[in-house]
Structures are given as structure tokens and as C-alpha cells.
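> So the protein sequences, as listed, match chains A and B. Note that the numbering used here has the first sequence beginning at 1, numbered continuously upward. Note that the numbering used here has the second sequence beginning at 1, numbered continuously upward. Virtual Cβ for every residue (Gly too), placed ideally from N, Cα, C. Bear in mind the structure is a predicted one, so any value in this text is a computation, not a measurement.
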Amino acid sequence: MEGRRLLMFTGKGGCGRSALAAATALSAAREGQRVLLAEAAVRPEHPGRLHALFGAPPLGSDPVHVAKGVWGVRIDADAALRDYVLGKIRFQALYRAAFERPSVRKTIAFFPGLRELMVLWRLRAFEQETSKRQRRWDLIVFDAPSTGFVLFLLQLPQVVVQILRTGVFARDAAEIYALLSDPARTQILIVTIPEELPALEARDFWQRLQSLPSPASVGIVMNAVIENIRDVGPLPSPLAARHDPALAAIEAAWGRDARAAVLYANRTLQRAQEAVHRHLGMLRDTQAPLWIVPFVPPSPRGEAAQTALLADAVRAAGLITSVLEAPV
Amino acid sequence: MSLLSLLKEKRVVICTGSGGVGKTTTSAALAIQGAALGRKTLVLTIDPARRLADALGIATLDHSPRRVPEATLRAAGRGPHGTLDAMMLDAKAALDDLVHRYAPSKRARDTILANPIYRHGSRALIENPDYLAMETVQSLEAEGNWDLLVVDTPPTRHALDFFSAARRMVEFLERNRFLALMTPRGRRSLVGERVLGIGMEVLTKVIARVTGSQLLDAARDFFLAFEEMFEGFRERAARMDELLRSDAASAVIVTTPEPHALAEARLLHAAFIAERIPFGAFIVNRVATDALPESILRTWSAGDPVRSKALAQALPGLAGNVRERASALMDNYLLYRILVERDRNALSGLADLGIAPNRMHVVPLLDKEVVRVEGLRRFLRCLKKASGSNPFARMERSAGDNG
Numbered sequence: 001m002e003g004r005r006l007l008m009f010t011g012k013g014g015c016g017r018s019a020l021a022a023a024t025a026l027s028a029a030r031e032g033q034r035v036l037l038a039e040a041a042v043r044p045e046h047p048g049r050l051h052a053l054f055g056a057p058p059l060g061s062d063p064v065h066v067a068k069g070v071w072g073v074r075i076d077a078d079a080a081l082r083d084y085v086l087g088k089i090r091f092q093a094l095y096r097a098a099f100e101r102p103s104v105r106k107t108i109a110f111f112p113g114l115r116e117l118m119v120l121w122r123l124r125a126f127e128q129e130t131s132k133r134q135r136r137w138d139l140i141v142f143d144a145p146s147t148g149f150v151l152f153l154l155q156l157p158q159v160v161v162q163i164l165r166t167g168v169f170a171r172d173a174a175e176i177y178a179l180l181s182d183p184a185r186t187q188i189l190i191v192t193i194p195e196e197l198p199a200l201e202a203r204d205f206w207q208r209l210q211s212l213p214s215p216a217s218v219g220i221v222m223n224a225v226i227e228n229i230r231d232v233g234p235l236p237s238p239l240a241a242r243h244d245p246a247l248a249a250i251e252a253a254w255g256r257d258a259r260a261a262v263l264y265a266n267r268t269l270q271r272a273q274e275a276v277h278r279h280l281g282m283l284r285d286t287q288a289p290l291w292i293v294p295f296v297p298p299s300p301r302g303e304a305a306q307t308a309l310l311a312d313a314v315r316a317a318g319l320i321t322s323v324l325e326a327p328v
Numbered sequence: 001m002s003l004l005s006l007l008k009e010k011r012v013v014i015c016t017g018s019g020g021v022g023k024t025t026t027s028a029a030l031a032i033q034g035a036a037l038g039r040k041t042l043v044l045t046i047d048p049a050r051r052l053a054d055a056l057g058i059a060t061l062d063h064s065p066r067r068v069p070e071a072t073l074r075a076a077g078r079g080p081h082g083t084l085d086a087m088m089l090d091a092k093a094a095l096d097d098l099v100h101r102y103a104p105s106k107r108a109r110d111t112i113l114a115n116p117i118y119r120h121g122s123r124a125l126i127e128n129p130d131y132l133a134m135e136t137v138q139s140l141e142a143e144g145n146w147d148l149l150v151v152d153t154p155p156t157r158h159a160l161d162f163f164s165a166a167r168r169m170v171e172f173l174e175r176n177r178f179l180a181l182m183t184p185r186g187r188r189s190l191v192g193e194r195v196l197g198i199g200m201e202v203l204t205k206v207i208a209r210v211t212g213s214q215l216l217d218a219a220r221d222f223f224l225a226f227e228e229m230f231e232g233f234r235e236r237a238a239r240m241d242e243l244l245r246s247d248a249a250s251a252v253i254v255t256t257p258e259p260h261a262l263a264e265a266r267l268l269h270a271a272f273i274a275e276r277i278p279f280g281a282f283i284v285n286r287v288a289t290d291a292l293p294e295s296i297l298r299t300w301s302a303g304d305p306v307r308s309k310a311l312a313q314a315l316p317g318l319a320g321n322v323r324e325r326a327s328a329l330m331d332n333y334l335l336y337r338i339l340v341e342r343d344r345n346a347l348s349g350l351a352d353l354g355i356a357p358n359r360m361h362v363v364p365l366l367d368k369e370v371v372r373v374e375g376l377r378r379f380l381r382c383l384k385k386a387s388g389s390n391p392f393a394r395m396e397r398s399a400g401d402n403g
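#1: For the region 271-287 of chain A against the region 202-213 of chain A, are there 3 or more C-beta pairs whose distance is under 8 Å?
#2: Can you find at least 3 beta carbon pairs, one from the region 169-179 of chain A and one from the region 45-54 of chain A, that sit closer than 8 Å?
#3: If I follow the unbroken alpha helix (DSSP H) through A:Trp121, where does it start and stop?
#4: If B:Pro257 sits next to B:Asp352, beta carbons under 8 Å apart, how far is it from one beta carbon to the other, in whole angstroms?
#5: Which full runs of the alpha helix (DSSP H) of 4+ residues lie inside the region 234-284 of chain A, going along the chain?
#6: Whole angstroms are fine: how far does the CA of B:Asn358 sit from the CA of B:Ser213?
#7: Using a beta-carbon distance cut-off of less than 7 Å, what residues from the region 9-43 of chain B approach chain A?
#8: Per the DSSP calculation, B:Phe226 is bridged to which residue(s)?
#9: A:Arg4 to A:Ala304, Cα distance in whole Å?
#10: Ordered along the chain, which non-local residues of its own chain (more than five positions away) have a Cβ less than 8 Å from that of B:Gly192?
#11: Relative to chain B, which residues along the region 47-74 of chain A have a C-beta separation below 7 Å, given in chain order?
#12: If I follow the unbroken alpha helix (DSSP H) through B:Lys8, where does it start and stop?
#13: Can you give me the C-alpha to C-alpha distance between B:His361 and B:Ile126, rounded to a whole angstrom?
#14: Which residue from B:Leu347, B:Ser164, B:Glu171 and B:Ala35 puts its Cα closest to that of B:Ala265?
#15: Do B:Leu30 and B:Leu89 come within 8 Å of each other at the CB atom, strictly closer than that value?
#16: Is the beta carbon of A:Thr307 less than 8 Å from the beta carbon of A:Leu26?
#17: Interface residues of chain C around A:Ile229 at Cβ under 8 Å?
#18: Could you work out which residues of chain A lie near B:Glu231, taking near to mean beta carbons separated by less than 8 Å?
#19: Looking only at its own chain, which residues have a Cβ that is under 7 Å from the Cβ of A:Gly11, when we skip the five neighbours before and after it?
#20: On the DSSP letters alone, give me the boundaries of the alpha helix (DSSP H) that A:Gly87 sits inside.
#21: Give me the Cα-Cα distance between B:Ala302 and B:Arg337, rounded to the nearest whole angstrom.
#22: By Cβ distance below 6 Å, which residues in the same chain neighbour B:Leu3 in space, the five residues on each side in sequence not counted?
#23: Give the range of the beta strand (DSSP E) segment to which A:Thr186 is assigned.
#24: Closest to A:Arg74 by CA distance: which of A:Gly60, A:Leu81, A:His65 and A:Asp83 is it?
#25: Using DSSP bridges, identify the partner residues of A:Ala38.
#26: Helix, strand or coil for B:Asp85, going by three-state DSSP, please let me know.
#27: Does any residue of chain B have a CB that is nearer than 8 Å to the CB of A:Pro236?
#28: List, in order along the chain, the chain A residues whose C-beta lies closer than 7 Å to that of B:Ile338?
#29: Return the CA-CA distance between A:Val141 and B:Ala270, expressed in angstroms with no decimal places.
#30: Tell me whether B:Thr60 sits in a helix, a strand or coil according to DSSP, three-state version.
#31: Whose C-alpha, out of B:Asp290, B:Leu244 and B:Gly20, is nearest the C-alpha of B:Val150?
#32: Which of the three DSSP states is assigned to A:Phe295 in this structure?
#33: Can you give the beta carbon distance from A:Leu310 to A:Val323, rounded, assuming they're within the 8 Å contact cut?
#34: Between the alpha carbons of B:Pro316 and A:Val221, how many angstroms are there, rounded?
#35: Does any CB atom of chain B fall closer than 8 Å to the CB of A:Pro294?
#36: Against chain A, with Cβ distances strictly below 8 Å, would B:Val322 count as a contact?
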């Protein structure tokens, strides 16, 4: 199929970004695609999250099968840097002498955004493997570490112009940027939830990305929206609850505690629903492409089962089909 | 020690936790409580939470402390005995402050500020501002204008980064002194330092082949300029480490019942013990709570037909529309119950941490967003109650208060 090959999930922590990336990968695999799901190990000691979502052992730097049609990989910035430099220098001995001194390694790692660039360079290599000739993958799904990471990547041209200017590295950085900012190849998805700060942050981030010189294709995914809430009309305050005939009936049947609990639960859900409307309204005003993924309760059968349920929800939300279509 | 005694006695209370768990709100609520206890309090937030500024009744939150009006403290249900100031970390301003304070000369300062590595490296420091937050805390502490600093920590990939920020900065600068040696000019200016192994010229050429030589030059200039500021950094890092581990400081862990937030909270708790950072309290935010007896619940969750039957039996002769609404209210209740189950399971997993009951606080999922001042007031009311060793038991007894 023709269309985008790279999906990058980003967004504030706590919005379910990794879970959504995993579910999207699974959902695409069910459509018959070969999907590579990637996470970045910017800090090597942190074990990563994606493997657990498939009930698999921690991921390594070679893709491993984690579910039908889905392979998982963990891109380690240091390993990517080594491969990159080796690819450029070609003399292993020279590489060892120069780059494997601890002082040089740590120093190199400091250069602004170098680690991020290396992760992306690796990702780009995987993306190249989606070519018609190779067809190793059909789709790469990347769980990007944070909004700061993505913003940095999209500001690359300025960095290149001001610091790097010339050399192999500058040329490669430009290629990475070309991949990210090409709406026909890449889609960036900002994951948010129906709460004040995450929703505001998603909007601000979207606007910031739009103000860049060459805006990439960016969409927003509102995650964990509780659905199937029944309309019960206006709810009374706890003090006036006894004057509400339906609540009075519940009290008559099961007692005051039941009435209080039912009212509290309904008020909380109603608040959640109002928040969804308010935040969706705000996000719609941005004109950003927007998808809504319902809240999926945890599965008692574990995280892999949960990911499978979330994949159903992702499919129902229309996320896969619409983001994979290349823009006209 | 309870949360209230922490706010009464400590000089620095640091709110840590994964991103998106309500650290900023928690910091604001704790600071209001600190002021109510009669202390001159300052809250330092990291997120540009505009709504928080509104809730506190101040026009803007920025890098200078602003006084929160007494009216706000009263509206939050706390008669003001002390005072409350609020400020937001502006990482760029904090960094420039730092350079201005420590650069030994105007020339060194200008060299640093104009250096392209500084300009982009500073972006990394600003996007990931652990170090700058820590630095700001220390200057505020040194100013001595406040009895209590309540600190919101940056949404780093790993919340513990905040505590090691100073040390990492020193290590980083130490390592990178090496860079200054990599060019002929750099070596001339650092006579006496010896380099072993392969020749410097070769090494430099190899590295430059990949990075381009401008990058190396800029990096060398940067570290040469920073060299002179180095002692200042080392001293401050040592003082920060000392402050964080002293009796004057306390770290509070904020989390939600979300699995990854809890996982991060557990890591933090373990790390505080290992690193001897005084642990203050555990706050679980946005917990779906419930007050309904299990016996009733069992009838309800047995399934739809039974539920309607139970309702029909319990309420014969109920008008159709009232029964319909009662039934809808109960359906919603069952939907909510899914959240309650999720949170109950998540929290029961915390039992093995062995946290003292008076250090465990659960804040229910409120039926209003905590962005206005009355929201902060309710948040505080919930916070003040320690939840006991089984947060759920306590919560179910008190959930009536939340309605």
C-alpha cells in the first residue's frame, strides 16, 4: 500500500502514549502490515515500556517478534552512535582508539541533540527498509520520548545551520529532517487526555509545530475518553439529593450510602464528560486532525490482553486508516 | 511525621513523581497549607500552568516571586497567618542568571553567551531543566526570605534526575575539560595537561571528520570559557547535595493509580531510601473512590436483568420515568465502578512498600477539576486526612465528604 511509513507518537507523560503506540502497531498488523514498533533508550538503564505491553521480555537493538505481525526494537543511543561513526570512519581500530575512550565518548554524547539524532538516524534506516525493494517492514511506529524531543528534531535545520554547517553530520541531519517534515512519509501524533493541562499542552505543542518554517504533518489523539455514559440530566447537589425522585428511590431500596455513592459516581462521570466536550472543543478550534480513542478498562488477563482491546478501540477510532493515507 | 508537620518544620519540600500526576496542583495546595500554618512560604512551579496563576489570584507566574493575595488564601479556606509567594521557573532566565553570577569577567561572560554550543546546549538545559530548578532552589534558600520552599519538579524522563542534577553537571564539566585539549589553540592554553594514547592531532582529525571542525572549535571555546566557572559549580553542587539530604528537606512522592505513574513512584521511593533523601509522604491523586457496601454491589454487578429485577422488586409501583432514570443512574454507577476496581487493585499493590499510615494520602477523583481556588480547597481537605495503611478502607468511610 502507498502511504505514510513512519508514525511518531509524542505527548505529555501519563496520557497513555506508549500503550497507544503499541495498540496502533497491533491494529495495523491485523490489517496485514508488517510493523516495527520502536522505542528510544535515551537513558540506557531505564528498561523501557513497550515489551511489557505485549507480555514480552525487554527489547534489544535487534527487532524481535512480539505479536503477530509486530516486531519490537529498542534503539540505544550509544549503540546507534557507534554504528553511525563506524559507518563513516570504516576503520574499526581507529574508531576504537578515538571514540571508545571514555572521555571522548562522554564528550561526544554531550553535543546538543546528538543522542536524539542518532536514535533518529537508526529510525531512518528502518524506514528505508520499507522501500518497495526491501519490504522488510510496511510501517514503523515510534514511541518518541517526549514533546521536547520531537520539538528539538523539528528545529534541526536551525541547529544545523548554526552549529554544524558542514560535514557528513550536517548532511545526515538534513536527511533526518527531510524525513520528519515530509507529510507524505511521516505523521506525528500528539497524545493527550481530557484533562486541563495535558489538553492545553497538546494545543500549545501543535501550535508551536505549526509555527516552524516547514511544518510536518501533525495530528492530535484524545485518549481515554469514557464512553457509554447514560444521560441522566442535571444532577442535584449532595444536600438536595433527597428531593430527586430517582435518587430517593435508590435510597428507599438500598439506603443512604447507596444514594450518596450513586450520586457521587454520576457527578464524577458528568464532570469527566463535560471536560471531554470542553477540551475537544478547544482542540477542534486548532483545526488539527483529531481522533478520539475510548477509555479501555484494564483487562484482568494482563497487559497483552489490554493491548489487544486497545487495538480494537484504535481501529474503531479510524486512526490507522486515516493516518496511513498519504495526503493528496 | 505527618504531612502537616512536614509543612510546619521543613525548609524545603520537594514534590516528585511522573509527569501528569498533578505535581503542580499538589505543590500549590501544600504551599497554601504552609502559609496557613504561619510560615513565610514560596511555591516554585515548573509547568507554565496559567490556570494555576488564575487560581492563585495573581496576574502572571514568572521568574520573580509574586505575592498571592490574602483573599485567595481565605477563599481556599485558610485564614492567612503566614504569607505565600509564587514563582515559575523560567529556565532561560535562570541560566542567564547563572552565567552572570559566576562568570569571572565580563569578557568570559560574553564569550559564553555568544558561543553557539552554549546557545544550543542551553536549549537542552532549558528543555530538561533539572539542574536549573535545583540551582534556583538553592539561590532562593540562600536569600533567606522564606521559611518554607515548596518545589514542583520538572517532568523529566526520570523523576530522580532532579536530585542528581548538580552532581551530574559537575561530572559533565569535569569530563569535558578534555575537549579543550583537542585543538592546537586549546592545548597551548592548557599547558601542563598531558594526554596519553594516540596523538591529539590524529584524534582531532578523526572526530572532526564526523562532526565537522566548526563544531569542535565551538565546543572547545565553550569549555575553555566554562573552565573558569568550574570551581563555583563544584562548590554549589556539594552544598545542594548536602541540603537535599539534610533534616531541613523532605521529598513527597505524587502519583496517580495509573500503572506507569505507580511504577515511577515505587522507583522513587526505593531511590530515596538508597540515597538517603528524607522521604516525607506518598500522595495518590485522582483515585476513583466509592462508599457503597459490597453486599449491595454484588446484586448490581450480577448483570442487567437481575439489576432491573432487583430495582423492580425493591421499588414496586415506581413511576416508569423515575425508574428509568434510577436505572440510568445505576448503570453509570457501574461504569464508574470499573474505575474504582482499577484503582483498588493498583493501590493494594503498594502495601509491600510498608509506608507508615500517616504518610499515605489519597485524593479522590473529584467531581470538579482542581483549577479554581475552591478546587484547591477541596484538594487540601482531602490531603489533610492521612489515609491509613489501607487507603481504600479509609477512603470508603470518608467518601461521603467528597460529594
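Reading it off the structure:
#1: Yes, they touch.
#2: Touching, no, given that fewer than three Cβ pairs across the two stretches are closer than 8 Å.
#3: Translated into the one-based positions of the first sequence, residue 121 of chain A becomes position 121. Per DSSP, the continuous alpha helix (DSSP H) segment holding A:Trp121 begins and ends at Leu114 to Gln128.
#4: The count along the second sequence starts at 1 and reaches residue 257 of chain B at position 257. The count along the second sequence starts at 1 and reaches residue 352 of chain B at position 352. Going by Cβ atoms, the distance from B:Pro257 to B:Asp352 rounds to 16 Å, so no, they are not a contact pair.
#5: Correct list: 245-254.
#6: Within the second sequence, residue 213 of chain B is the residue found at index 213, counting from 1. Within the second sequence, residue 358 of chain B is the residue found at index 358, counting from 1. The straight-line gap from Cα to Cα measures roughly 59 Å.
#7: Only Ser18, Gly19, Gly20 and Val21 from the region 9-43 of chain B bring a Cβ to less than 7 Å from some Cβ of chain A.
#8: Start at 1 with the first residue of the second sequence, and residue 226 of chain B comes out as number 226. Answer is none; B:Phe226 lacks a bridge partner.
#9: Position 4 of the first sequence, counted from the start, is the residue given in the question as residue 4 of chain A. Position 304 of the first sequence, counted from the start, is the residue given in the question as residue 304 of chain A. Each residue's Cα considered, the two are about 26 Å apart.
#10: By one-based count along the second sequence, residue 192 of chain B stands at place 192. Confidence at B:Gly192 is low in this model, with a pLDDT of 41, below 50, so its placement is unreliable and the value that follows should be read with caution. Within the same chain, B:Gly192 has no close Cβ partners at all.
#11: If the cut-off is 7 Å between Cβ atoms, the region 47-74 of chain A has Arg49 near chain B.
#12: By 1-based counting over the second sequence, the position of residue 8 of chain B is 8. Element bounds for B:Lys8: Leu3 to Glu9.
#13: Position 361 of the second sequence, counting from 1, holds the residue named residue 361 of chain B. Position 126 of the second sequence, counting from 1, holds the residue named residue 126 of chain B. So the alpha carbons of these two residues sit roughly 32 Å apart.
#14: In the second sequence, counting from the first residue as 1, residue 265 of chain B sits at position 265. Nearest of B:Leu347, B:Ser164, B:Glu171 and B:Ala35 to B:Ala265, Cα basis: B:Leu347.
#15: By one-based count along the second sequence, residue 89 of chain B stands at place 89. By one-based count along the second sequence, residue 30 of chain B stands at place 30. Taking the C-beta atoms as reference points, B:Leu30 is found no nearer than 8 Å to B:Leu89.
#16: Residue 307 of chain A sits at position 307 when you count from the first residue of the first sequence. Residue 26 of chain A sits at position 26 when you count from the first residue of the first sequence. Cβ distance < 8 Å, so A:Thr307 and A:Leu26 count as in contact.
#17: Of the protein chains in this structure, namely A and B, none is chain C.
#18: Locating residue 231 of chain B in the second sequence gives position 231, counting from the first residue. In chain order: nothing, as chain A lies at least about 20 Å away.
#19: Within the first sequence, the letter at position 11 stands for residue 11 of chain A. The residues are Arg17, Thr147, Ile190, Val191, Thr192 and Ala202.
#20: The residue labelled residue 87 of chain A in the question sits at position 87 within the first sequence. Start and end: Ala77 to Ile89.
#21: In the second sequence, the residue the question calls residue 302 of chain B occupies position 302. In the second sequence, the residue the question calls residue 337 of chain B occupies position 337. With a pLDDT of 46 at B:Ala302, under the threshold of 50, the modelled position of that residue is not reliable, and no figure is offered here.
#22: The sequence position of residue 3 of chain B within the second sequence is 3, counting from 1. For B:Leu3, where only same-chain residues beyond five positions count, the Cβ hits under 6 Å are Ala281.
#23: Residue mapping note: residue 186 of chain A aligns to position 186 of the first sequence, counting from 1. That run of the beta strand (DSSP E) goes Thr186 to Thr192.
#24: The residue given as residue 74 of chain A occupies position 74 in the first sequence. Answer by Cα proximity: A:Gly60.
#25: On the first sequence, residue 38 of chain A is found 38 positions in, with the first residue counted as 1. A:Ala38 is bridged to A:Val73 and A:Phe142.
#26: Within the second sequence, the letter at position 85 stands for residue 85 of chain B. Strand at B:Asp85.
#27: Against the first sequence, residue 236 of chain A aligns to sequence position 236. No, A:Pro236 does not count as interfacial toward chain B.
#28: Residue mapping note: residue 338 of chain B aligns to position 338 of the second sequence, counting from 1. Per Cβ cutoff of 7 Å: Pro297.
#29: For the purposes of this step, residue 141 of chain A is identified with residue 141 of the first sequence, where counting begins at 1. For the purposes of this step, residue 270 of chain B is identified with residue 270 of the second sequence, where counting begins at 1. Those two C-alpha atoms are separated by around 33 Å.
#30: Residue mapping note: residue 60 of chain B aligns to position 60 of the second sequence, counting from 1. Coil at B:Thr60, not helix or strand.
#31: As a working mapping, residue 150 of chain B is identified with position 150 in the second sequence. The alpha carbon of B:Val150 has as its nearest neighbour, out of B:Asp290, B:Leu244 and B:Gly20, the alpha carbon of B:Leu244.
#32: Start at 1 with the first residue of the first sequence, and residue 295 of chain A comes out as number 295. DSSP places A:Phe295 in coil when its eight states are reduced to three.
#33: Here residue 310 of chain A refers to the residue found at position 310 of the first sequence. Here residue 323 of chain A refers to the residue found at position 323 of the first sequence. Wrong, their Cβ atoms sit about 16 Å apart, outside the cutoff.
#34: Counting from 1 along the second sequence, the entry for residue 316 of chain B is found at position 316. Counting from 1 along the first sequence, the entry for residue 221 of chain A is found at position 221. Near 46 Å, if we compare the C-alpha coordinates of A:Val221 and B:Pro316.
#35: Taking the first sequence and counting its residues from 1, the one referred to as residue 294 of chain A is at position 294. Answer no: the Cβ-Cβ gap between A:Pro294 and chain B never drops below 8 Å.
#36: Here residue 322 of chain B corresponds to residue number 322 of the second sequence, with the count starting at 1. Chain A, which has a Cβ nearer than 8 Å to the Cβ of B:Val322, makes this yes.
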